[in-house]
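Asker: Please read through the structure below; I'll follow up with questions.
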Amino acid sequence: MPRNWTRKTSKAGWTVSDLQAAAVRIRQGVSMHKVAEKNGIRFSTLQRGIKKYEFKLPKLGRSNSINKQLVVIGPQPSTSDDITNYKPNDSINQENNESYSEPLASKLSQLTPLPCIGKGKCKGKRTRQSGILTATPLITVFKEKAKKRKKKEKHTRGKVIKKIKEVKKNLFKYYFG
Numbered sequence: 001m002p003r004n005w006t007r008k009t010s011k012a013g014w015t016v017s018d019l020q021a022a023a024v025r026i027r028q029g030v031s032m033h034k035v036a037e038k039n040g041i042r043f044s045t046l047q048r049g050i051k052k053y054e055f056k057l058p059k060l061g062r063s064n065s066i067n068k069q070l071v072v073i074g075p076q077p078s079t080s081d082d083i084t085n086y087k088p089n090d091s092i093n094q095e096n097n098e099s100y101s102e103p104l105a106s107k108l109s110q111l112t113p114l115p116c117i118g119k120g121k122c123k124g125k126r127t128r129q130s131g132i133l134t135a136t137p138l139i140t141v142f143k144e145k146a147k148k149r150k151k152k153e154k155h156t157r158g159k160v161i162k163k164i165k166e167v168k169k170n171l172f173k174y175y176f177g
């Protein structure tokens, strides 16, 4: 379909070679803003162009890094050091042979069943109680509950103190009596 409207902006006045030359100047140490002004390239375009033409080696430890050993498929080429240091009765080879000769049942008997952890109790949803209750019948209920709690604490606190005294008395009699 033909274009029936006129372009409002002009095309870029630089080529790929201009971008590459700007990238070289930036690598030499000239700031990106100065290169953009001198070459007539927009700063954002220059940033994109630098990112495209900047190649970095992969960092160590990346999963996609390829070693020379990974390139060779099949048996690895042996060196003269490997041949001279070869021992037929190597401890690693013996361990591997013994592990293959053991039956599967003996290996399974060594495994112990893992303990099953059940689901924990879910705590109920905590809701905030409003602190301001004025002229409502609920305020009397809260006051009564608080009074009952205080009475119960006083009553049980005395019993606990008596039990502690009795235990101390019995221990004293046991050791010194």
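Residues in the sequence shown are numbered consecutively from 1, following the UniProt record's numbering. Idealized CB from N, CA, C, for every residue including glycine.
DSSP on I26, reduced to helix/strand/coil?
Answerer: Three-state result, I26: helix.
Asker: How about I41 and A22: are their beta carbons less than 8 Å apart?
Answerer: yes
Asker: If V35 and R25 are in contact, beta carbons under 8 Å, what's the gap, nearest whole angstrom?
Answerer: 5 Å
Asker: With distances taken from CA atoms, which of I139, N4, E37 is nearest D18?
Answerer: E37
Asker: In the DSSP assignment, find the unbroken alpha helix (DSSP H) run with N39 in it and report its ends.
Answerer: 32 to 39
Asker: So is R171 buried or exposed if we call it buried at 16+ other beta carbons inside 10 Å?
Answerer: Contrary to the premise, residue 171 reads as Leu rather than Arg in this sequence. With fewer than 16 Cβ atoms within 10 Å of its Cβ, L171 is classed as exposed.
Asker: Could you name the residues of the same chain whose beta carbon sits closer than 8 Å to that of H33, not counting the 5 residues immediately before and after it, in chain order?
Answerer: F43
Asker: Quick check on residue 191: buried or exposed, where buried means 16 or more other Cβ atoms within 10 Å of its Cβ?
Answerer: For residue 191 there is no data in the structure shown, the boundaries of the chain being 1 and 177.
Asker: Roughly how many whole angstroms lie between the Cα atoms of R126 and R149?
Answerer: 21 Å
Asker: Whole angstroms are fine: how far does the CA of E166 sit from the CA of K143?
Answerer: 35 Å
Asker: Nearest CA to the CA of T15: which residue from N39, V30, K152?
Answerer: N39
Asker: How long is the line joining the alpha carbons of G13 and R7, rounded to whole angstroms?
Answerer: 15 Å
Asker: Please state the DSSP three-state secondary structure of G13.
Answerer: coil
Asker: If you draw a straight line from the C-alpha of K163 to the C-alpha of K147, how long is it?
Answerer: 25 Å
Asker: Quick check on DSSP: helix, strand or coil for P2?
Answerer: coil
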